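These protein sequence lines map, in sequence, to chains W and D.
Numbering-wise (this note's numbering), the first sequence opens with residue 1 and increments by one.
Numbering-wise (this note's numbering), the second sequence opens with residue 1 and increments by one.
Beta carbons are placed, not taken as given, at the ideal position from N, Cα and C, and that holds for glycine.
Since the model is a prediction, treat every value here as computed from it, not as a measurement.
Here is the structure we will look at.
Number of protein chains: 2
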Amino acid sequence: MCGPQRGAVMGGLIYEGLAKNIEEAEALAASGEITFDPCHMHDAVGPMAGVVTFSMPVWILENKTFGNRAYCTINEGLGKVLRFGAFDNEVLTRLRWMEQELYPVLKEAMAIKGEIDVKVLVSKLLQMGDEGHNRNEAGTSLLIRELVPAIMNCDKPLAQRVAAFNFVNGNNHTFLNISMPAMKCTLDPIFDIPYCTVVATMSRNGTDFGIRIAGLGKNRWFAAEAEMVKGLYFPGYSEEDAARDMGDSCITETAGIGGFCMAAAPAIVQFVGGVVSDSIHYSTRMYEITVGEGRSYKIPALDFRGSPTGIDLRKVIETGIRPVINTGIAHKNPGVGQVGAGIVYPPEDCFKQALAACAEAWA
Amino acid sequence: MCGPQRGAVMGGLIYEGLAKNIEEAEALAASGEITFDPCHMHDAVGPMAGVVTFSMPVWILENKTFGNRAYCTINEGLGKVLRFGAFDNEVLTRLRWMEQELYPVLKEAMAIKGEIDVKVLVSKLLQMGDEGHNRNEAGTSLLIRELVPAIMNCDKPLAQRVAAFNFVNGNNHTFLNISMPAMKCTLDPIFDIPYCTVVATMSRNGTDFGIRIAGLGKNRWFAAEAEMVKGLYFPGYSEEDAARDMGDSCITETAGIGGFCMAAAPAIVQFVGGVVSDSIHYSTRMYEITVGEGRSYKIPALDFRGSPTGIDLRKVIETGIRPVINTGIAHKNPGVGQVGAGIVYPPEDCFKQALAACAEAWA
């Protein structure tokens with residue numbers, strides 16, 4: 001495991017009361033008593049370190065057409081947070097507050113609201129300068145507009161409801177932890193379509209980058225070493241401090257938003273680096289490796305062309321164009337947190353292995 | 001007065017209890033007993049018919065540098081509304097509800113909140129696909145995020161607070177009635193700068209289009225017949241149904257947002273007509289007739305170039321390029337409402353008259 005992943009695992013063990021301190025947590029994590037498994041093997045996704053432990057509340061997303069669900073924790077905000085490998089008291093206190101104070105408000109509010117049509121929100125946020133991965137200001141705003149009447153109407157004490165609102169409102173990445181499972185439950189039904197070479201999952205853990213192919217099913221991963229992210233670093237940090245590419249958040253690109261819709265979110269270049277024409281270029285190149293265009297998700301700057309959707313493994317191999325991902329950068333050591341954001345690609349070897357496996361399976 | 005202006009005046013008289021019905025209102029309006037004056041002569045602005053009567057609550061905007069204020073009513077929403085000349089019971093009932101139910105909540109919430117930095121909101125909305133005149137989804141979203149904790153904390157009954165929230169939230173043009181007075185109180189301090197040929201006001205009333213020039217002071221208007229709007233009509237309507245260009249909302253363009261920032265809001269072409277490259281073209285042409293570029297208001301699609309700001313009368317005359325305005329279109333008859341939206345320009349004669357007046361004044 002990479003440093004931030006280890007930090008998040010240790011933090012998760014202390015948060016759950018399974019370890020009293022970092023030394024106990026490290027020993028327990030290494031003992032073989034703890035089972036680690038990718039979120040994707042449990043209908044879940046998690047940004048960056050992606051640690052989900054048994055007490056953490058989750059958003060529940062449902063694909064209304066196919067009935068499958070996907071889950072994701074509530075976003076902790078920026079700065080020192082578990083998903084970037086930080087695990088000090090500030091991080092753990094926040095996680096406990098989220099479980100004990102925030103979640104009850106959101107749970108009751110969602111019970112009052114019933115459900116929120118996330119597909120509509122994603123359609124709108126693409127018209128509002130977000131791309132649903134590293135820019136989520138519009139998505140978070142639109143979510144708030146859906147939730148507020150229910151938060152106002154729920155029974156929890158006023159101070160608790162106001163604190164819950166302020167937490168959600170104070171973190172523009174709140175919507176990331178909804179766009180991710182939304183994209184996962186959109187994609188998951190393509191598994192087991194016979195002979196389908198569309199990429200159903202892309203994910204990374206700071207060590208390896210893994211992909212799954214629709215026609216080869218949920219149990220076959222094709223992995224290679226994750227790359228370093230090229231981007232902008234926070235003051236005082238450089239690429240020497242960075243962990244390799246990590247997290248499940250590239251499920252957004254897999255489904256055709258995120259980096260694939262950077263042309264819809266030109267302001268993102270101020271966060272990940274580059275100029276506005278780069279954002280157009282990133283999106284237009286993705287049409288060369290995808291099988292379709294979004295019918296609901298449109299990119300204004302491309303004259304409302306549908307987003308490039310459905311990465312075809314064969315097109316990636318044929319063109320040599322790899323899927324573009326925009327992403328946060330974690331410090332390589334446990335306990336530090338985010339140090340920047342940038343652009344990264346899956347290693348070519350994932351696709352080569354997958355193509356060989358398709359050829360072998362369907363020969 | 002044009003039809004929708006007459007409709008709004010009659011509706012305003014009935015709303016204030018000065019007339020019992022439309023016949024009484026028409027007779028009273030024509031009697032000479034009522035004084036009509038432009039909003040701009042009272043530190044106010046109003047979209048479309050722009051009728052402000054003495055019981056209507058207003059947003060109060062303040063220019064923190066110069067201390068001047070500007071006022072605007074609360075936006076009624078789309079459909080049959082007073083500002084488009086509709087005056088039936090639905091319209092009047094809504095206006096009374098806004099005065100008696102909505103306003104007390106917003107007043108108390110604003111007292112709790114203190115003040116909202118509208119300059120920051122306008123900077124952000126330009127990064128979020130709005131231009132602050134005909135597209136206000138981001139602006140309204142950001143306003144809501146500022147107001148909600150105060151609405152949650154105020155003393156009014158829950159049902160009243162929820163209804164107030166739902167009204168504001170249900171109308172994406174809520175923010176228009178804030179961006180307009182914000183732009184007015186930004187511009188007003190330029191009046192009486194010696195020899196300044198910057199356009200300080202543009203306004204129209206469905207009959208005439210009037211401009212004021214900074215160096216010539218607040219009391220000199222240069223007016224000519226308002227033009228017809230070229231745009232998209234709602235089903236069942238055409239240019240034959242349209243009133244001429246009307247309202248104070250082009251104060252947004254006068255200050256460098258609205259039509260001047262269409263490149264920031266490509267989705268607006270779906271509302272006013274044209275393709276996305278038109279939105280870029282509209283904005284870039286405006287640099288040829290303006291004196292500066294926004295330091296806070298940036299256009300992402302133009303690589304974050306500052307918005308074209310400060311229309312110079314002399315540049316308009318020299319280049320023959322007129323300021324571009326995007327706008328709603330009212331039905332020409334009273335009582336109907338909005339029939340479309342599109343693009344329009346001030347008549348050239350306003351600028352010719354103004355230039356002659358400058359030459360005469362400063363010879």
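Limits of the alpha helix (DSSP H) - the one that residue i falls within
i, result
"P104 of chain W", "Y103 to K113"
"K184 of chain D", "L176 to L187"
"T254 of chain D", "I251 to T254"
"Y297 of chain W", "Element bounds for Y297 of chain W: not the alpha helix (DSSP H) but the beta strand (DSSP E), T290 to I299."
"T284 of chain D", "V276 to M286"
"I151 of chain D", "E137 to N153"
"K218 of chain W", "Unbroken run through K218 of chain W: none, as it is neither H nor E."
"A49 of chain W", "Counting along the chain, A49 of chain W falls outside any alpha helix (DSSP H), and DSSP gives it neither H nor E."
"Q127 of chain D", "Premise fails: Q127 of chain D is in no alpha helix (DSSP H) and is neither H nor E."
"N134 of chain W", "That residue, N134 of chain W, is in no alpha helix (DSSP H); it is neither H nor E in DSSP."
"Q160 of chain W", "L158 to N169"
"Q270 of chain W", "V269 to V272"
Unbroken beta strand (DSSP E) run spanning residue i, endpoints
i, result
"L232 of chain W", "K230 to Y233"
"N21 of chain D", "Looking at the DSSP string, N21 of chain D is not in any beta strand (DSSP E), and its letter there is neither H nor E."
"F209 of chain W", "D208 to I213"
"T93 of chain D", "T93 of chain D -> not in any beta strand (DSSP E); alpha helix (DSSP H) instead, spanning N89 to W97."
Whether residue i touches residue j by CB criterion (9 angstroms)
i, j, result
"G274 of chain W", "V291 of chain W", "no"
"R328 of chain D", "G247 of chain D", "Before going on, a small fix: residue 328 of chain D reads as Gly here, not Arg. Yes."
"I116 of chain W", "L187 of chain W", "no"
"C39 of chain D", "W59 of chain D", "no"
"S141 of chain W", "S141 of chain D", "yes"
"A263 of chain D", "I280 of chain D", "yes"
"K332 of chain D", "G3 of chain D", "yes"
"M276 of chain D", "P189 of chain W", "Per the sequence shown, residue 276 of chain D should be read as Val rather than Met. Not a contact, by the Cβ cut-off of 9 angstroms."
"Y345 of chain W", "R322 of chain W", "yes"
"A224 of chain D", "D245 of chain D", "no"
"G206 of chain W", "F87 of chain W", "no"
"Y237 of chain W", "W362 of chain W", "no"
"Y282 of chain W", "V324 of chain W", "yes"
"A243 of chain D", "A330 of chain D", "yes"
"E348 of chain W", "G320 of chain W", "yes"
"A30 of chain W", "K184 of chain W", "no"
"M41 of chain D", "S249 of chain D", "no"
"A357 of chain D", "F222 of chain D", "yes"
For residue j and residue i, believed in contact at Cβ under 8 angstroms, the rounded distance
i, j, result
"E101 of chain W", "A164 of chain W", "7 angstroms"
"I151 of chain W", "R161 of chain W", "5 angstroms"
"E16 of chain D", "F54 of chain D", "7 angstroms"
"G132 of chain W", "G139 of chain W", "6 angstroms"
"L313 of chain D", "V199 of chain D", "6 angstroms"
"L28 of chain W", "I34 of chain W", "6 angstroms"
"G85 of chain W", "Q5 of chain W", "7 angstroms"
Residues bridged to residue i (per DSSP)
i, result
"I60 of chain W", "W:Y71"
"E225 of chain W", "W:D208"
"D312 of chain W", "W:V198"
"V344 of chain D", "D:I325"
"R305 of chain W", "W:I299"
"H331 of chain W", "W:A242"
"G247 of chain D", "D:R204"
"Q338 of chain W", "W:A330"
"A429 of chain W", "Residue 429 of chain W falls outside the range modelled here, since chain W spans only 1 to 363, and no answer is possible."
"A414 of chain W", "Nothing in the structure corresponds to residue 414 of chain W, since chain W is present only between 1 and 363."
Proximal chain C residues relative to residue i, where beta-carbon distance stays under 9 angstroms
i, result
"I34 of chain W", "Here the protein chains are W and D, and chain C is not one of them."
The region 211-227 of chain D / the region 255-273 of chain D touching (three or more Cβ pairs under 8 angstroms): With a cut-off of 8 angstroms, the region 255-273 of chain D and the region 211-227 of chain D do not count as touching, because too few Cβ pairs lie within range.
Inter-stretch contact (C-beta, 8 angstroms, three-pair minimum) for the region 99-109 of chain D and the region 146-166 of chain D: As far as the Cβ criterion goes, the region 99-109 of chain D touches the region 146-166 of chain D, which means the pair count is three or higher.
contact_flag[the region 78-85 of chain W, the region 327-344 of chain W] where n(CB pairs < 8 angstroms) is 3 or more: Flag = yes, the region 78-85 of chain W and the region 327-344 of chain W touch.
Touching by the beta-carbon criterion (3+ pairs, under 8 angstroms), the region 232-239 of chain W and the region 298-305 of chain W: These segments do not touch.
contact_flag[the region 110-125 of chain W, the region 173-185 of chain W] where n(CB pairs < 8 angstroms) is 3 or more: Segments in contact, yes.
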